[in-house]
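**Student:** Let me give you the structure first, and then I'll get to my questions.
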Amino acid sequence: MSGGASPLATFWGNFVENRVAVVALAVVVAILVLAVAAPLIAPQDPYDLAGLSLLDARRGPGHVGAGGYVHWLGTDAQGRDLVSAILYGLRISVQMGLLAGMFALIIGASLGITAAYLGGRLESLVMRVVDLQLSFPAILLALVLAALLGQGKGQLIAALVAAQYAYFARTAYGAATAERRKDYIEAAAATPLSGRRIVFRHLLPNCMPPLIVVATVQIANAIALEATLSFLGLGLPVTEPSLGMLISNGFPYMMSGRYWISVYPGIALVVLIVAINLVGDQIRDQINPRLRR
Amino acid sequence: MRFKALSTVAAAALAAVLGAGAVAQTLTVGVRGGPESLDPHYSALGTHADAAKHIFDTLVWSGDDLQIEPGLAESWRPLDDTTWEFKLRQGVKFHDGSDFTAEDVKFSIERIPVVTGPTTLLIYVRRVKEVVIVDPHTVHIKTDGPAATLPNDFVRLFIVSHQAAKDFSTKETAAEGFNSGKAAIGTGPFKLVSWEPKGDLVLERFDAYWRGPAHWQRVVRKEMPNDSARLAALKAGQVDLVNYVSSADWLSLRNDARIETFLANSVYVMNLQLDQREPTPRVYDLAGNPLAKNPLRDPRVREAFDLAIDRQVMVDVVLEGLGRPANQIMPAGFFGSNPRLPERQHDPKRARALLAEAGYPDGFKIDLFCTADRLPGDAAICQGLGQMFAQAGIQANVNAITRTVYFPAQAKGEYSVFMNGWGTLTGEASYTLGSLAHTKDETLKLGAFNRIAYSNPEVDALLQAAIKEIDDTKRRALFEDAMALIMADRALVPIVNLQTVWAAAKGKLKMTPRVDEDTLAYFIRPAG
Amino acid sequence: MTGFAIQRLLQAIAVMLVMSAIVFLGVYAIGDPMELLIPPEAPQDIRREIVARFGLDRPLWVQYLTFLGNVVQGDFGRSFIYNMPVLDLILGRLPATLELTLAAVLGATLIGVPLGIYAGYRPDRAGARIVMALSILGFSVPTFWVGLILILTFAVSLGWLPAGGRGATVELLGTQWSFLTANGLSHLLLPALNLALFKLAMMIRLARAGTREIMLTDTVQFARAAGLAETTILRHHVLKLIAIPIVTVFGLELGSTLAFAVVTETIFSWPGLGKLIIDSITNLDRPVMVAYLILVALLFVTINLVVDILYAALDPRVRRGRTA
């Protein structure tokens, strides 16, 4: 680490050395901006049925529809402008990924750190459940939960969180136990220093770097999982098309040459996930070079 | 109502003409769904019956347009109000060489209630009280009351061999006995070679078939649930024929020189159902508060829904041509559908005016429900409805959901406006109108699927009279009148009649597509 | 030690009991299968009769206890759809899934490890960078999307390979296998490739990381100084050392791939377990869903149990620590 610079500045300095990661970060930021601003920049509200026209259905890229503007990426089977649908789809995907990742992080980290701090029966119980679940494939769990809870955003997020929290719990637990064994915590625990202080001042900050790494990976995973579930018909309802749903809805038209309905949303999804993973990779390499897989 | 055994003669003649040319050929068919068991009595599902008809025969046959024809029964007639006499075809052999007799009919009818699964065949034999064997080729069926449509019900009565199946006729043994082939002995055109659930059904010609031997030495039905994969298999030459070409692919196939398509109207009509209960759930004012009074009870509101629907656009755009605008809840031409009904109009302006007259000048909000995974185009039609309603001033929140959620919730009465397909599987009106349009009545066993509390005493009276009427002409007239009344009430609003497409390698075969969507190898001929 | 094992076994049984109750309740909550399966025109009396015949009119806890009693005797019930014992149905599908999984994981290892070694051995070459870029892509691109693209390219556009299904099979050791026939192999190729991509990316990364670490160690430096050929170094030192983690991961991945196959099997209509569970969810075939989930849970609980007991046997501290 170089002398006077703050750790964050150093981190950033190292980050920009990897040009691919910088480009990826720019893509992620751009997609975030697009997702947030979708209602402002999309030519059409794809969920407002009154604004759609069936006569524009399944037109190829470049078609000028009833709205009087060009559908640059064509339209889907309901006459939705695909540019708009993709922007809104990105919005849903990012939203689901972030919400699921955040809840999984909070729940998982709390469980992991609590287990590490309190120890005893609780520790073994919690970690046994976590380990058992980690050995259980996330996709299967999400699939069953999605079927069980029904369609809808809330239900889907719950399914994703349930499938992912264990990764955070495991990571937080590992980092927290390592820290807890250190002398200064043992010493602090012996003094009348409050437990809350130990947890928040010492354990949590030390758990954060690995948790951030896991979080980037899991957000990308959550987005992919959501798309997969929607594709299998167990995710969001068709009237609120996420990227996965758009891909799924467009697939039947692939054989008859109307590729755009499925292909463009697919490209958007892949770009989003790849970009997040590239950024995540770089962060991981920097935080812990030995963690490279 | 006496049938002459013409078809035997015709079949024999056909066999004589083609007999010499009936070369050893294999027909490979890619089907969307296969049987779920080889026990024909387990499930009433269409795909199940489709496969079963290759190995087994039904007592009464349903023709290409679901008209009833002699099958294993050569003729039938009512003796009195509660007795039907069936004369059985003579000289029919089972695959094991044994003779088909009245014993097999009695055995099959009595076997159904024991072994049938949740997709139950009970509905087809529920009127039977007793089966009396008069002689080896005559049976008398006693019913629990006048049962004019008993022969129609018997198009799903598969006849199994009482000798081969007697040890495999309990819930526990049925599947094993039939799936292993031990009991799968029928009188049908093909013998079972092998079957795997979700896999291939392999069949071989039965030379002693009573209609004459089939054109194909071997028939393989490959189950391929994915529409695109099935079509790809046809294009790649792995199969000769596929059923259920999706509307998405149909247009492009018509320009494909290597492929030939066959189109048929299906038995399915999509209808919109408007709840008549007071109060009804999920109908709101513009601010989203539940409406105190059910607007759907107002005929003007119902007419507005009807006028909002542009059926031609549904067909041309949503289904890409694969359907017909429907003006009643049964396909045109079926027994009891009314040929004098006018085409439905599309007039969103008039719809708005009607809504205003009814006290909703700015419309109202509804939750519209439908399945997204049951019939081709269901979710798309439903979303199309949402668009069309919006243009007439009714804001629909469209919920195209999986049938596993839809049907249980619909049964509990959780929906007020919903759309689902209804197939007139027996080809006549008592099945459809009796289930959908009669007031729900447990003692009469009518209105079983009337989930909108639709009730019109005139309709009820007509339907009850029709069901008891043995005379065909009179019965038809009663059903037609009932249909006209039901359509005028508009609690059940027809949208489109779906169509089904088969595709085959060009020059390989000739077939007459069937309305019930069956793909029966026996009736498919090699080209040339 | 025996005491510890017994205690663990009891724990595992308790976990299974809890799991079975959760699964049973959960599947019950999804929806009423009878509303889906009974023909719509069936009048009330027939409905009631059918519901009673399948015992679904009884209180939930009675249904659960009956189910539990049957399971203890090895009877998981019969599928509503197929009328076959669920266990037969599941076991009948297992070979197809196993075959697909084995093909995918083996393929991923055989291709991924050499690529990974290359990328770790010459990290600065353009080829190595391409390999790494591919591995990131393999990690990121959702399986179902790759599947669609594979079908579109090789089945629809080029027409080289079938778009789905399993193809011809040959009997070997009492089960049907498709990799032994040309037709079966052509059906296997695309789904196996689809399933393998994620694993391939993982194997590449694993092998690369291992190779890079080993290349920097003294052993390799010495070997080089001694004038050993590079291929010998790769074969003798690198491959040997990275073999252990790779074999471990291979074993672990085999398990998780079994479940991952759900997506691939659905897209390629592969008649395996994954397709079975998806179909049973869409048909509300309760007995199949319940049995499948309980069996999967049993599998994972058993693995955990065995690992625990093995660890305890090797390391007495675990025993003391956990029983405390």
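Taken in sequence, the protein lines are chains A, B and C. Just so we're aligned: 446 in our numbering is position 111 of the first sequence, and the numbers increase by one with no gaps anywhere. Just so we're aligned: 28 in our numbering is position 24 of the second sequence, and the numbers increase by one with no gaps anywhere. Just so we're aligned: 308 in our numbering is position 301 of the third sequence, and the numbers increase by one with no gaps anywhere. For each residue, glycine too, the CB sits at the ideal point set by N, CA and C.
For the region 483 to 517 of chain A, which residues have a CB atom closer than 7 angstroms to at least one CB atom of chain B, in sequence order?
**Tutor:** So the list reads Gly-485, Gln-486, given in the order they occur along the chain.
**Student:** Determine the chain A residues that contact Ser-193 (chain C) at a beta-carbon separation under 9 angstroms, and present them in chain order.
**Tutor:** Within the third sequence, the letter at position 186 stands for residue 193 (chain C). Near Ser-193 (chain C) there are no residues of chain A at all, since even the closest Cβ is about 19 angstroms away, more than 9 angstroms.
**Student:** If we count Cβ pairs, one from each stretch, closer than 8 angstroms, do we get three or more for the region 603 to 612 of chain A versus the region 587 to 595 of chain A?
**Tutor:** Cβ pair count under 8 angstroms is below three, so no.
**Student:** Roughly how many angstroms lie between the CA atoms of Asp-211 (chain B) and Thr-30 (chain B), to the nearest whole one?
**Tutor:** Within the second sequence, the letter at position 207 stands for residue 211 (chain B). Within the second sequence, the letter at position 26 stands for residue 30 (chain B). Spanning the two alpha carbons is a distance of roughly 15 angstroms.
**Student:** Measure the alpha-carbon distance for Ser-164 (chain C) versus Arg-281 (chain B) and round it to whole angstroms.
**Tutor:** For the purposes of this step, residue 164 (chain C) is taken as residue 157 along the third sequence, with counting starting at 1. For the purposes of this step, residue 281 (chain B) is taken as residue 277 along the second sequence, with counting starting at 1. About 53 angstroms.
**Student:** Do Gly-217 (chain C) and Gly-145 (chain C) come within 8 angstroms of each other at the CB atom, strictly closer than that value?
**Tutor:** On the third sequence, residue 145 (chain C) is found 138 positions in, with the first residue counted as 1. On the third sequence, residue 217 (chain C) is found 210 positions in, with the first residue counted as 1. For Gly-145 (chain C) and Gly-217 (chain C), no; Cβs fall outside 8 angstroms.
**Student:** I'd like to know whether the C-beta atoms of Ala-355 (chain B) and Ala-308 (chain B) end up nearer to each other than 8 angstroms.
**Tutor:** If you number the second sequence from 1, residue 355 (chain B) lands on position 351. If you number the second sequence from 1, residue 308 (chain B) lands on position 304. For Ala-355 (chain B) and Ala-308 (chain B), yes; Cβs fall inside 8 angstroms.
**Student:** For chain C, check one thing: does any of its Cβ atoms lie closer than 8 angstroms to the Cβ of Val-465 (chain A)?
**Tutor:** As a working mapping, residue 465 (chain A) is identified with position 130 in the first sequence. Chain C contact via Cβ: absent.
**Student:** Which residues in chain C sit within 9 angstroms of Gly-436 (chain A), going by Cβ to Cβ distance?
**Tutor:** For the purposes of this step, residue 436 (chain A) is taken as residue 101 along the first sequence, with counting starting at 1. In chain order: nothing, as chain C lies at least about 16 angstroms away.
**Student:** Pull out every residue of the region 422 to 447 of chain B whose Cβ sits closer than 7 angstroms to any Cβ of chain C, in chain order.
**Tutor:** Residues passing the 7 angstroms Cβ filter: Tyr-435, Ser-439, Glu-446.
**Student:** Can you find the residues in the same chain that come closer than 6 angstroms, C-beta to C-beta, to Leu-300 (chain B), ignoring five residues on each side of it along the sequence?
**Tutor:** For the purposes of this step, residue 300 (chain B) is identified with residue 296 of the second sequence, where counting begins at 1. Here the set comprises Leu-278, Asp-279.
**Student:** Does DSSP put Asp-310 (chain B) in a helix, in a strand, or in coil?
**Tutor:** Locating residue 310 (chain B) in the second sequence gives position 306, where the first residue counts as 1. Residue state, collapsed to three classes: helix.
**Student:** Given this structure, state the Cα-to-Cα distance separating Ala-24 (chain B) from His-219 (chain B), to the nearest angstrom.
**Tutor:** Counted from its first residue, the second sequence places residue 24 (chain B) at position 20. Counted from its first residue, the second sequence places residue 219 (chain B) at position 215. Its pLDDT being 38, under 50, Ala-24 (chain B) is placed unreliably by the model, and nothing is read from it.
**Student:** Which bits of chain B does Gly-38 (chain C) rub up against, with CB to CB less than 7 angstroms?
**Tutor:** Working through the third sequence from its first residue, we reach residue 38 (chain C) at position 31. Thr-408, Val-409, Pro-412, listed in chain order.
**Student:** How far does the beta strand (DSSP E) with Phe-90 (chain B) in it reach, from first residue to last?
**Tutor:** Taking the second sequence and counting its residues from 1, one reaches residue 90 (chain B) at position 86. It spans 87 to 92 - the beta strand (DSSP E) in which Phe-90 (chain B) sits, taken as one unbroken run.
**Student:** Indicate whether Thr-271 (chain C) and Asn-201 (chain C) have their beta-carbon atoms separated by less than 8 angstroms.
**Tutor:** Start at 1 with the first residue of the third sequence, and residue 271 (chain C) comes out as number 264. Start at 1 with the first residue of the third sequence, and residue 201 (chain C) comes out as number 194. Result yes, Cβ atoms of Thr-271 (chain C) and Asn-201 (chain C) sit closer than 8 angstroms.
**Student:** Compare the beta carbon distance of Arg-225 (chain B) and Val-33 (chain B) with 8 angstroms and say whether it is the shorter of the two.
**Tutor:** Position 221 of the second sequence, counted from the first residue, corresponds to residue 225 (chain B). Position 29 of the second sequence, counted from the first residue, corresponds to residue 33 (chain B). Yes, the Cβ-Cβ distance between Arg-225 (chain B) and Val-33 (chain B) is below 8 angstroms.
**Student:** DSSP state of Ala-77 (chain B), grouped into three classes?
**Tutor:** Along the second sequence, read from residue 1 onward, the residue named residue 77 (chain B) stands at position 73. Note: Ala-77 (chain B) maps to strand in three-state DSSP.
**Student:** If we define contact as Cβ-Cβ less than 8 angstroms, is Ser-597 (chain A) a contact residue for chain B?
**Tutor:** Locating residue 597 (chain A) in the first sequence gives position 262, where the first residue counts as 1. No, Ser-597 (chain A) does not count as interfacial toward chain B.
**Student:** By DSSP, does Asn-90 (chain C) sit in helix, in strand, or in coil?
**Tutor:** On the third sequence, residue 90 (chain C) is found 83 positions in, with the first residue counted as 1. It is coil, neither helix nor strand.
**Student:** Quick one: is Asn-247 (chain B) near chain A, going by C-beta distance under 8 angstroms?
**Tutor:** In the second sequence, residue 247 (chain B) corresponds to position 243, counting from 1. For Asn-247 (chain B), the answer is no, since every Cβ of chain A falls outside 8 angstroms of its Cβ.
**Student:** Could you check which residue in B:Asp-366, B:Tyr-458, B:Asn-275 has the C-alpha nearest to that of Cys-374 (chain B)?
**Tutor:** In the second sequence, residue 374 (chain B) corresponds to position 370, counting from 1. Nearest option by C-alpha distance: B:Asn-275.
**Student:** Specify the secondary structure class of Lys-517 (chain A) as computed by DSSP and reduced to three states.
**Tutor:** In the first sequence, the residue the question calls residue 517 (chain A) occupies position 182. Lys-517 (chain A): coil per DSSP, three-state reduction.
**Student:** Less than 8 angstroms between the beta carbons of Ala-151 (chain B) and Ala-169 (chain B), yes or no?
**Tutor:** Here residue 151 (chain B) corresponds to residue number 147 of the second sequence, with the count starting at 1. Here residue 169 (chain B) corresponds to residue number 165 of the second sequence, with the count starting at 1. Not in contact: Ala-151 (chain B) and Ala-169 (chain B) (Cβ atoms no closer than 8 angstroms).
**Student:** Using a Cβ-Cβ distance cut-off of 8 angstroms, determine whether Asp-231 (chain B) contacts chain A.
**Tutor:** Locating residue 231 (chain B) in the second sequence gives position 227, where the first residue counts as 1. Answer yes: the Cβ-Cβ gap between Asp-231 (chain B) and chain A drops below 8 angstroms somewhere.
**Student:** So with Cβ pairs under 8 angstroms, would you call Gln-277 (chain B) a contact of chain A?
**Tutor:** The residue given as residue 277 (chain B) occupies position 273 in the second sequence. Chain A, which has no Cβ nearer than 8 angstroms to the Cβ of Gln-277 (chain B), makes this no.
**Student:** Buried or exposed for Pro-624 (chain A), please, with buried defined as at least 16 other CB atoms from any protein chain shown within 10 angstroms of its CB.
**Tutor:** As a working mapping, residue 624 (chain A) is identified with position 289 in the first sequence. With a pLDDT of 49 at Pro-624 (chain A), under the threshold of 50, the predicted position of this residue should be treated as unreliable, though the coordinate-derived value follows. Exposed, since its Cβ has fewer than 16 Cβ neighbours within 10 Å.
**Student:** Relative to the C-alpha of Pro-412 (chain B), which residue among C:Arg-60, C:Ala-36, C:Leu-67 is closest?
**Tutor:** Mapped onto the second sequence, residue 412 (chain B) falls at position 408. Nearest C-alpha to Pro-412 (chain B): C:Ala-36.
**Student:** Of all the CB atoms in chain C, is at least one closer than 8 angstroms to the CB of Met-5 (chain B)?
**Tutor:** Residue 5 (chain B) sits at position 1 when you count from the first residue of the second sequence. Annotation note: pLDDT 39 at Met-5 (chain B) (below 50); position unreliable, coordinate value reported separately. No, because no Cβ of chain C sits closer than 8 angstroms to the Cβ of Met-5 (chain B).
**Student:** Given that a residue counts as buried once 16 or more other Cβ atoms are within 10 Å of its Cβ, and exposed if not, what is Leu-341 (chain A)?
**Tutor:** Indexing the first sequence from 1 puts residue 341 (chain A) at position 6. Strictly speaking, residue 341 (chain A) in this sequence is Ser, with Leu absent from that position. With fewer than 16 Cβ atoms within 10 Å of its Cβ, Ser-341 (chain A) is classed as exposed.
**Student:** Over the uninterrupted beta strand (DSSP E) stretch that includes Trp-254 (chain B), give me the two end residues.
**Tutor:** Looking up residue 254 (chain B) in the second sequence gives position 250. Where Trp-254 (chain B) is concerned, there is no enclosing beta strand (DSSP E), although the alpha helix (DSSP H) it sits in stretches over 251 to 258.
**Student:** For Thr-108 (chain C), which residues in the same chain have their Cβ closer than 8 angstroms to its Cβ, ignoring the five residues on either side in sequence?
**Tutor:** Residue 108 (chain C) sits at position 101 when you count from the first residue of the third sequence. Excluding positions up to five away in sequence, the list reads Leu-202, Leu-261, Thr-264, Leu-265, Ala-268.
**Student:** Arg-222 (chain B) lies in the alpha helix (DSSP H); which residues open and close that run?
**Tutor:** Start at 1 with the first residue of the second sequence, and residue 222 (chain B) comes out as number 218. Counting along the chain, Arg-222 (chain B) falls outside any alpha helix (DSSP H), though it belongs to the beta strand (DSSP E) covering 222 to 227.
**Student:** Interface residues of chain F around Gly-388 (chain B) at Cβ under 8 angstroms?
**Tutor:** Within the model displayed, chain F is absent; protein chains A, B and C are what it includes.
**Student:** For the alpha helix (DSSP H) that Asn-201 (chain C) lies in, which residues bound it at each end?
**Tutor:** On the third sequence, residue 201 (chain C) is found 194 positions in, with the first residue counted as 1. Note, Asn-201 (chain C): alpha helix (DSSP H), 189 to 222.
**Student:** Does the distance from the CB of Ala-384 (chain B) to the CB of Val-322 (chain B) come in under 8 angstroms?
**Tutor:** Counted from its first residue, the second sequence places residue 384 (chain B) at position 380. Counted from its first residue, the second sequence places residue 322 (chain B) at position 318. Going by C-beta atoms, Ala-384 (chain B) is nearer than 8 angstroms to Val-322 (chain B).
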